[in-house]
């Protein structure tokens, strides 16, 4: 069964509104898990203006917005976040807000949020979960994985191969600005296909690996059995943001390792060729970086070409790249894996050139070719994925930023914020296995445990001096100690999972009181109840038991001892 076709104009408004409503719902969910901070206040303002643009009558009042803006300004100061970029961005936000321009406010708040939060950790976790779900769907299955850079046409090719009716329609990419775009206007009801979305701009819509299963009888008729599974994946070195790059650097390889076999459909777009055939070189290097010993696995490669003029001789074009560029460049010529992939492209395009024509093309012959081809039968040995240098640098910068944020929040004893940053660092450490995140996390654990131990020593020493003094304890001394005990009790749950055995226990602080009582008791020796020092000592105990009920028995025992 297939869904009824919709025109682009029918889809435009509701599709945009649905996306916004989903975004607003996601914003709400993310806010519910966050402590009070500049990032959260920015998101709360963003939520207000997004709801306002959707015509939500429950959007916050102007007074609330003004209070939030003031709070945001204070939090940026408290968290020591003021940089020139943030100062300018915050001023732009205020101009938009006080100018009652909701669209500009959303845009400016989005830019501010990107500066405050380069890595969207909640989105990263969602993408990792989606990748894990996809891994379960393709476990022990034979799949065809589409590979190519952003804009290669992977999503459009999957839509074509699944039997979508495709048309060239103008797509609005900005108010009053349209681009011609090949769009699926009639879509079969296959699981996963609704998540395959193409974009007219060179921006990836695919944010995680997406398998689509098509029964062969739907392609070739009722006599056929079995399925073909096509997997859409984000473009490598993608424009989807660091969350996509990290999640897929972690997840795609693991997902592929669980498959029974993997065939590769490598796509090259005419639009992405570049003046020096960078597109072909990029595709070759994506394959080389992803597949170990690729020279031994070239039989599993299929190449297809998108957006190429029908009269273009692709074989001649790639041959020219080899003769005019590779053969004349010693560094390229010495890259044996690259040369092997290029030769394989030349050989296979000499036999047949698979140009994808989503509107007029017939999918059946190409699908037959894909089905006949060999797959990588030991994917756990074949696939590898190392993050790009840019992504590694980004992770290192973020790890350092969160380490600084933890120190700043600890200085203000903002434990909720300390925990929030610790949680993020731990996620990064566990996901990336990169030394940067691991080092920053371990350094932060050491800093926090040493910081708490140092605080603890200062508080205990001050209390002990007051307890031993001839003047005795004051209410302020006891209150200060009690507040610190409560602080230590309060951090057990949020920080216990991170600091573990290195976290000071409140029991140790109570034990310190017992120790001081015993020491002072011994110092008093055989003095009787009428002695002034005994009076001060018992007065200290009486004052302490009001704040620490567990000392009641200690107080009674001491009173009894001195009475005797």
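Residue numbers (the UniProt record's numbering): 1 to 564. Every residue, glycine too, gets a C-beta built ideally from N, C-alpha and C.
Under the three-state reduction of DSSP output, residue 354 falls in the coil class, being neither helix nor strand.
Counting the other Cβ atoms within 10 Å of the Cβ of residue 363 gives 16 or more, which makes it buried. Annotation note: the region 204-287 contains the following uninterrupted alpha helix (DSSP H) runs of length 4 or greater, listed N- to C-terminal: 217-220 and 242-257. Residue 359 is positioned such that its CB atom lies no closer than 8 Å to that of residue 231. For residue 302, the uninterrupted beta strand (DSSP E) run begins and ends at 301-306, by DSSP. Scanning the region 99-174 for uninterrupted alpha helix (DSSP H) segments of 4 residues or longer gives 102-116, 121-138 and 154-161, listed from N- to C-terminal end. If you draw a straight line from the Cα of residue 106 to the Cα of residue 414, it comes to about 29 Å. Judged by beta-carbon spacing, residue 263 lies within the 8 Å limit of residue 375, meaning their Cβ atoms are closer than that value. Following the DSSP letters along the chain, one finds residue 182 inside the beta strand (DSSP E) bounded by residues 177-186. A contact between stretches requires three or more CB pairs, one per stretch, nearer than 8 Å, and the region 107-115 fails this requirement with the region 213-233. By alpha-carbon distance to residue 492, the top candidate from 64, 419 and 514 is 419. Of all alpha-carbon atoms in 463, 338, 521 and 513, the one lying nearest the alpha-carbon of residue 551 is that of 513. The count of Cβ pairs closer than 8 Å, one atom from the region 185-197 and one from the region 206-220, reaches three, so the stretches are in contact. Taking C-alpha positions only, residue 320 is separated from residue 132 by approximately 42 Å. Collapsing the DSSP output to three states places residue 291 in a strand. Excluding residues up to 5 positions away in sequence, 374 lie with their Cβ nearer than 6 Å to the Cβ of residue 299 in the same chain.
Under DSSP, residue 376 shares a beta bridge with 262. Taking 8 Å as the upper bound for CB-CB distance, residue 338 and residue 286 are not in contact here, some 11 Å apart.
Between the region 421-433 and the region 116-126, the count of Cβ pairs shorter than 8 Å is three or higher; the stretches touch. The DSSP-derived three-state label of residue 548 is coil.
A distance of 8 Å or more separates the beta carbons of residue 253 and residue 152. Spatial neighbours of residue 159 in its own chain (CB-CB distance under 8 Å, excluding positions within 5 residues in sequence) are listed in chain order as 166, 184, 187, 193, 196, 198 and 358. Residue 266 places its beta carbon less than 8 Å from that of residue 301.
Of the residues 482, 403 and 473, the one whose Cα lies closest to the Cα of residue 447 is 403.
Under the three-state reduction of DSSP output, residue 422 falls in the helix class.
Residue 51 holds the alpha-carbon nearest to the alpha-carbon of residue 19 among 451, 33 and 51. Just measuring C-alpha positions, the residue of 384, 347, 330 and 312 sitting nearest residue 356 is 312. For residue 480, the uninterrupted alpha helix (DSSP H) segment begins and ends at 475-499.
Separation of the CB atoms of residue 255 and residue 135 is rounded to 4 Å, and the pair is thereby assigned contact status at 8 Å. Per the Cβ contact rule, the region 483-501 is not in contact with the region 529-540 (fewer than 3 Cβ pairs under 8 Å).
Burial check for residue 37: the Cβ neighbour count within 10 Å reaches 16 or more, so the residue is buried. With a cutoff of 8 Å on beta-carbon distance, residue 90 and residue 54 are scored as not near each other. By the criterion of a C-beta distance shorter than 8 Å, residue 471 is surrounded in its chain by 536, once the five residues flanking it on both sides are discounted.
In this structure, the alpha-carbon of residue 179 lies about 36 Å from that of residue 217. Beta-bridge partners of residue 383 (DSSP): 291. Only residues of its own chain outside the window of five on either side were considered, and among them 37, 38 and 41 have a CB closer than 7 Å to the CB of residue 75, listed in chain order.
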